[in-house]
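Before any comments, here is the structure.
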Amino acid sequence: MSSLEFGSIQAEVKGAMCPGKLKMTDSEILFKNEKTGKTEHLTASDIELANYQKFVGSFGIRIFMKNGSLHRYMGFTGEEEKIAKFFKENYKLDMLEKELSTKGWNWGTAHFNGAVLSFDVDRKTNFEIPLNLVSQCNTGKNEVTLEFHQNDAPVSLVEMRFHIPTTESAENDPVEAFHNNVMNKASVISVSGDAIAIFREIYCLTPRGRYDIKVFQTFFQLHGKTFDYKIPISTVLRLFLLPHKDNRQMFLLISLDPPIKQGQTRYHYLVFQFQMEEETQIELPFTDEEVKEKYGDKLTKELSGPVYEVLGKIMKAITSARLNGPGSFVGHSGTPAISCSFKATAGYLYPLEKGFIYIHKPPLHIRFEEVSSVNFARSGGSTRSFDFEVELKSGNVHTFSSIEKEEYGKLFDFISSKKIHVKNTGKDKNAYKENDFGDSDNENEPDAYLARVKAEAKERDEDDESDNSESTDEDFNPNEAESDVADEYDSNVQSTSDSDDSEGGGGGSDDSAKKKKKKKKEERREKKKKASSSTKSSGASKKSKAKNDDGRPKRPTTAFMMWMNATREDIKRDHPGLSVTEIAKKAGELWRDLDKDEKKEWESKSAKAKEEYNIAMEEFKASGRGGGGGSDDEKSKKRKVESSSSPSKKAPSMKGSGFKSKEYISGDDSSSNGDDDDNKKSKKPKKGSDDEAKKKSKKKSDSESGGSGDESGSD
Numbered sequence: 015m016s017s018l019e020f021g022s023i024q025a026e027v028k029g030a031m032c033p034g035k036l037k038m039t040d041s042e043i044l045f046k047n048e049k050t051g052k053t054e055h056l057t058a059s060d061i062e063l064a065n066y067q068k069f070v071g072s073f074g075i076r077i078f079m080k081n082g083s084l085h086r087y088m089g090f091t092g093e094e095e096k097i098a099k100f101f102k103e104n105y106k107l108d109m110l111e112k113e114l115s116t117k118g119w120n121w122g123t124a125h126f127n128g129a130v131l132s133f134d135v136d137r138k139t140n141f142e143i144p145l146n147l148v149s150q151c152n153t154g155k156n157e158v159t160l161e162f163h164q165n166d167a168p169v170s171l172v173e174m175r176f177h178i179p180t181t182e183s184a185e186n187d188p189v190e191a192f193h194n195n196v197m198n199k200a201s202v203i204s205v206s207g208d209a210i211a212i213f214r215e216i217y218c219l220t221p222r223g224r225y226d227i228k229v230f231q232t233f234f235q236l237h238g239k240t241f242d243y244k245i246p247i248s249t250v251l252r253l254f255l256l257p258h259k260d261n262r263q264m265f266l267l268i269s270l271d272p273p274i275k276q277g278q279t280r281y282h283y284l285v286f287q288f289q290m291e292e293e294t295q296i297e298l299p300f301t302d303e304e305v306k307e308k309y310g311d312k313l314t315k316e317l318s319g320p321v322y323e324v325l326g327k328i329m330k331a332i333t334s335a336r337l338n339g340p341g342s343f344v345g346h347s348g349t350p351a352i353s354c355s356f357k358a359t360a361g362y363l364y365p366l367e368k369g370f371i372y373i374h375k376p377p378l379h380i381r382f383e384e385v386s387s388v389n390f391a392r393s394g395g396s397t398r399s400f401d402f403e404v405e406l407k408s409g410n411v412h413t414f415s416s417i418e419k420e421e422y423g424k425l426f427d428f429i430s431s432k433k434i435h436v437k438n439t440g441k442d443k444n445a446y447k448e449n450d451f452g453d454s455d456n457e458n459e460p461d462a463y464l465a466r467v468k469a470e471a472k473e474r475d476e477d478d479e480s481d482n483s484e485s486t487d488e489d490f491n492p493n494e495a496e497s498d499v500a501d502e503y504d505s506n507v508q509s510t511s512d513s514d515d516s517e518g519g520g521g522g523s524d525d526s527a528k529k530k531k532k533k534k535k536e537e538r539r540e541k542k543k544k545a546s547s548s549t550k551s552s553g554a555s556k557k558s559k560a561k562n563d564d565g566r567p568k569r570p571t572t573a574f575m576m577w578m579n580a581t582r583e584d585i586k587r588d589h590p591g592l593s594v595t596e597i598a599k600k601a602g603e604l605w606r607d608l609d610k611d612e613k614k615e616w617e618s619k620s621a622k623a624k625e626e627y628n629i630a631m632e633e634f635k636a637s638g639r640g641g642g643g644g645s646d647d648e649k650s651k652k653r654k655v656e657s658s659s660s661p662s663k664k665a666p667s668m669k670g671s672g673f674k675s676k677e678y679i680s681g682d683d684s685s686s687n688g689d690d691d692d693n694k695k696s697k698k699p700k701k702g703s704d705d706e707a708k709k710k711s712k713k714k715s716d717s718e719s720g721g722s723g724d725e726s727g728s729d
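Take 15 as the starting number for the sequence shown in the numbering used here and just add one per residue.
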């Protein structure tokens, strides 16, 4: 057996169990953390002891190193003999079982073995504590308190207390001895001694503020006006030094695991911003020999240059992490940064050699090995920008929106060079540039995204129609000949003129006029109710009413839509539970993978339908239907002329000739005669008493004789 590989294995990292993959070779043991992407190496020659421990439903491996550190892995099932044989053949180690105490007692014996504190009950291990997880150790009268480094788990061990009884015969204080053994191997953060370097008033984007950065041997400190952070060097995962898009600033990004906490907020990334012209000069508090011994060629005693460069060098030397810079990607602006928005906040996306970095709110690092696929999509219907969607293997999707369309070609080439799967590869990579993001004249070209948008719009229309069918607007009916506006203001309204004349001539009471108006309104409401009920019974929607059905031929669908309509039921059957939009998306993927011969069949059907549509459209225009067969401009002009000449649809002005008050009539005899003649023709006999009829006939005879003075006198 040259090597063994195991998936779904968990390793203890800073007190938390982290999933990953384990690989055993003849020279080393490797564990790759799925969450951070960091690989841990255990050299075979450094392994001192190996045991396996039983857990519920599985067993784990306990590996003790020669330097005193302890590594534990769990999640193995039924492979004890295979692993024991591998350790025997390759590492020359016998793998024995490490028995654990199950009594649950809290009284036992503490043993210090290298960098591990073991608590035993009845000569069996109850629990073990790697001392490099201890951040602080305090003593009391008869007790010792251990404080632990924070991890990224939602629930973690923070503190543990040991009660140590004292005896008079003991030469040394057992509490002090216990404390010294812990402190010798613990990674305690204490601000004792001089800092290696200090940087004043550095602007930090995350967490926001200005901080003094003090770099020590085992940790670095961020000291601000409100908050103070002590960050162990062992928690630094990666370093990134990236230029701003304006080429006048630089970003230094530090990835942390576990993150620092501010209240309930966790910061997995520190983002510092520097001006390029700011420079500094630092002298390290070591001799040349000490600098060479500790850091080799990474640092010199005196460092000078831009602030970001000096800080980057020191952090790289202290953490032994690689300082990552921009990759080979250069965008449309000539910089490696792409302007975009993420979660409604503007920032910059950097395509690197092994992943993507987004700065800055919130900062995000996506490794290529986490990416399942990417997708280029339209940005809210705009043709000037597009969205870049990154789907992870975990199922999460990160969307970077409002990217300028000029960046599309170079970003597509970069993704292709990294061999990352692109969902919508059915479209030409230059389609976005040449046709304004896919607005092509080629109707036979499939577009799954467009089909999805159409399906969503169809869903919304159906919802609107169902809502509107339940509640009809009774105050508005475009097909009704009469309206309240016409009754009140039109000059040729008969009922209103009669009532006005009767009131002006002293005939008829106000109550009778009000009753008549009320009666007419009730009749109008009944007509509207009948019209709405007939509309509901016929099943016609508002949308179909508003549409002008003049016999115009229907525009043919594309080949893709024909194929999708024919295979929609098959897709539903093969993929149950999909929504309308998901069906359209799935259809786009299936069409993209469809055979060329099958596509040709549907494309020919679409071309034939289009030819038939063109012929039918020519016949329709020649027949003169739908507005006389003229052009659209001529039809619109004709409609404008007809609407302007129709007196019933235009409300007359109070200053025009269509309406004249009684005062104006009494002052102008000629106009009053003409208007009264018109009123004679338009008036109808009105039902009422004989007295009212006599008064009307008297009024007419007075107006015919031209006696305006009589009218004014009667008034």
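From the three backbone atoms N, C-alpha and C, an ideal C-beta is built for every residue, glycine too.
Check your understanding: Whole-angstrom Cβ separation of Tyr322 and Leu267, contact assumed at under 8 Å?
Key -> Not a contact, Cβ separation roughly 11 Å.
Check your understanding: Based on the DSSP secondary-structure assignment, which residues constitute the bridge partners of Lys327?
Key -> According to DSSP, Lys327 bridges with nothing at all.
Review point. Does the separation of the CB atoms of Ile23 and Tyr105 fall below 8 Å?
Key: No; because the gap between Cβ atoms is not below 8 Å, this pair is not in contact.
Practice item. Report buried or exposed for Gln231, applying the criterion of at least 16 other Cβ atoms within 10 angstroms of its Cβ. Key: exposed
Point to revise | Residue environment, Trp121, which counts as buried when at least 16 other CB atoms sit within 10 Å | key: Looking at its Cβ environment, which holds fewer than 16 other Cβ atoms inside 10 Å, Trp121 is exposed.
Practice item. Leaving out five residues on either side along the sequence, give the residues of the same chain with a beta carbon under 6 Å from the beta carbon of Arg175. Key: Glu157, Thr159
Review point. So does the stretch 61-81 actually touch the stretch 280-299, counting three or more Cβ pairs closer than 8 Å?
Key: No: fewer than three Cβ pairs fall under 8 Å.
Review point. Is the number of C-beta pairs between the stretch 133-142 and the stretch 109-119 that are closer than 8 Å three or more?
Key: yes
Practice item. Classify Ser269 as buried or exposed, calling it buried when 16 or more other Cβ atoms lie within 10 Å of its own Cβ. Key: buried
Review point. Is the stretch 269-281 in contact with the stretch 304-318, if contact means three or more CB pairs nearer than 8 Å?
Key: no
Point to revise | Secondary structure of Ile210, DSSP reduced to three states | key: Note: Ile210 maps to coil in three-state DSSP.
Exercise for review: Decide if Gly361 is buried, meaning its Cβ has at least 16 other Cβ atoms within 10 Å, or exposed.
Suggested key: buried
Exercise for review: Within the same chain, show all residues whose beta-carbon is closer than 6 Å to that of Gly223, passing over the 5 residues directly before and after it, in chain order.
Suggested key: Closer than 6 Å at Cβ, skipping near neighbours: Gly238.
Check your understanding: From what residue to what residue does the alpha helix (DSSP H) around Thr595 run?
Key -> 594-606
Review point. Got a sec? Which residues, its chain only, sit under 8 Å from Thr333 by beta carbon, not counting five neighbours each side?
Key: Closer than 8 Å at Cβ, skipping near neighbours: Ile247, Val250, Leu253.
Check your understanding: In chain order, what residues of the same chain have a beta carbon less than 6 Å from the beta carbon of Gly341, not counting five sequence neighbours either side?
Key -> Leu366, Glu367
Practice item. Could you name the residues of the same chain whose beta carbon sits closer than 6 Å to that of Asp401, not counting the 5 residues immediately before and after it, in chain order? Key: Ala391, Ser393, Thr413, Ser415
Check your understanding: According to the neighbour-count rule (16 or more other Cβ atoms, all chains shown, within 10 Å of its Cβ), is Thr572 buried or exposed?
Key -> buried
Exercise for review: Could you have a look at Asn195 and say whether DSSP puts it in helix, strand or coil?
Suggested key: helix
Practice item. Determine which residues share a DSSP beta bridge with Tyr217 and list them. Key: Arg224, Gln287
Check your understanding: So, helix, strand or coil for Asn152, using DSSP?
Key -> strand
Check your understanding: In the structure shown, what three-state DSSP assignment does Val202 receive?
Key -> coil
Review point. Based on the DSSP secondary-structure assignment, which residues constitute the bridge partners of Met31?
Key: Glu26
Check your understanding: Per the contact definition of three or more C-beta pairs closer than 8 Å, is the stretch 32-44 in contact with the stretch 342-356?
Key -> Touching, no, given that fewer than three Cβ pairs across the two stretches are closer than 8 Å.
Exercise for review: Apply the 10 Å Cβ neighbour rule to Pro179 and answer buried if 16 or more other Cβ atoms are within range, or exposed otherwise.
Suggested key: exposed
Review point. Leaving out the 5 sequence neighbours to the left and right, which residues in its chain are closer than 8 Å to His55 when beta-carbon positions are compared?
Key: Here His55 has Glu42, Ile43, Leu44 as same chain residues with Cβ atoms under 8 Å from its own Cβ, once five neighbours each way along the sequence are excluded.
Exercise for review: Identify, in the order they occur along the chain, each residue of the same chain with its Cβ nearer than 6 Å to the Cβ of Asp166, setting aside the five sequence neighbours on each side.
Suggested key: Pro272
Practice item. Could you tell me how far apart the beta carbons of Ser387 and Val436 are, in whole angstroms, since I believe they sit closer than 8 Å? Key: That belief holds up - the Cβ atoms of Ser387 and Val436 are roughly 7 Å apart, short of 8 Å.
Review point. Roughly how many whole angstroms lie between the Cα atoms of Ala25 and His85?
Key: 8 Å
**Study point:** Classification of Trp605 by the beta-carbon crowding that lies within 10 angstroms, buried from 16 upward
**Key:** Trp605 counts as buried, since no fewer than 16 other beta carbons sit within 10 angstroms of its beta carbon.
**Study point:** Close-in-space but distant-in-sequence residues of the same chain around Glu48 (CB under 6 Å, 5 per side omitted)
**Key:** Pro33, Gly34
Exercise for review: State the DSSP-derived secondary structure class of Thr232, mapped to helix, strand or coil.
Suggested key: coil
Point to revise | DSSP three-state assignment for Pro273, whether helix, strand or coil | key: Pro273: strand per DSSP, three-state reduction.
Review point. My guess is that Tyr281 and Thr359 are in contact by the Cβ rule of under 8 Å, so how many angstroms apart are they, rounded?
Key: Going by Cβ atoms, the distance from Tyr281 to Thr359 rounds to 16 Å, so no, they are not a contact pair.
**Study point:** Best match in Val148, Thr57, Gly21 for proximity to Glu93 [C-alpha to C-alpha]
**Key:** Gly21
Check your understanding: Span of the alpha helix (DSSP H) holding Asp611?
Key -> 610-637
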